[in-house]
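Student: Starting off with a structure, shown below.
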Amino acid sequence: MRQKVYEEMDKLSKEQKETILNSFGKLVIQNVRDRALKLSMGIVKQSTVNPVKLEQYSCFSSLNVQQQEAVCDLLSETITNVIYLFLEMFEENKDCLSLIIKTNY
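In this text, residue positions in the sequence shown follow my numbering: the first is 113, and each later residue adds one.
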């Protein structure tokens, strides 16, 4: 199976491979990073409509704007790093892990 995937990738031009990777990257950013940031930043800034989260993280209500921004920056960096490390795991373990992206769905 893996050999077939490699053979299919070899048939693609550099531009086609780049298009696939850009599409995948956009999906990861929109569906993982941006959504996670929106949820966590809403909690930090106390703008979420989820009362359970507001109560659970009530300690954030005493932060000033500068402190909220610092926490949000940290969240952004952390979420981005987690995604990067997750994808790097595939690269570093390509002998036992593979990521298959369907291009004709």
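The C-beta atom is built at its ideal place from N, Cα and C for all residues, glycine as well. Being a predicted model, the structure only gives us computed values, none of them experimental.
(1) For the alpha helix (DSSP H) holding Leu199, just list the boundary residues, first then last.
(2) Touch check for the stretch 180-187 and the stretch 150-160: three-plus C-beta pairs under 8 Å?
(3) Output the residue ranges of the alpha helix (DSSP H) runs that lie fully inside the stretch 122-146 and measure 4 residues or longer, sorted by chain position.
(4) Please state whether the Cβ-Cβ distance between Thr144 and Ile195 is less than 8 Å.
(5) Would Gln158 and Leu149 qualify as a contact pair, given that the criterion is a beta-carbon distance under 8 Å?
(6) Alpha helix (DSSP H) containing Lys165: first to last residue?
(7) If you run the structure through DSSP and keep just helix, strand and coil, what is Cys171?
(8) What's the C-alpha gap between Asp122 and Ile132?
(9) Which of the three DSSP states, helix, strand or coil, is assigned to Ser152?
Tutor: Taking the definition as stated:
(1) 177-204
(2) Yes, the stretch 180-187 is in contact with the stretch 150-160.
(3) 126-140
(4) What sits at residue 144 in the sequence shown is Val, not Thr. Yes, they are a contact pair.
(5) no
(6) 163-168
(7) In the three-state reduction of the DSSP assignment, Cys171 falls in the helix class.
(8) 13 Å
(9) In the structure shown, the three-state DSSP call for Ser152 is helix.
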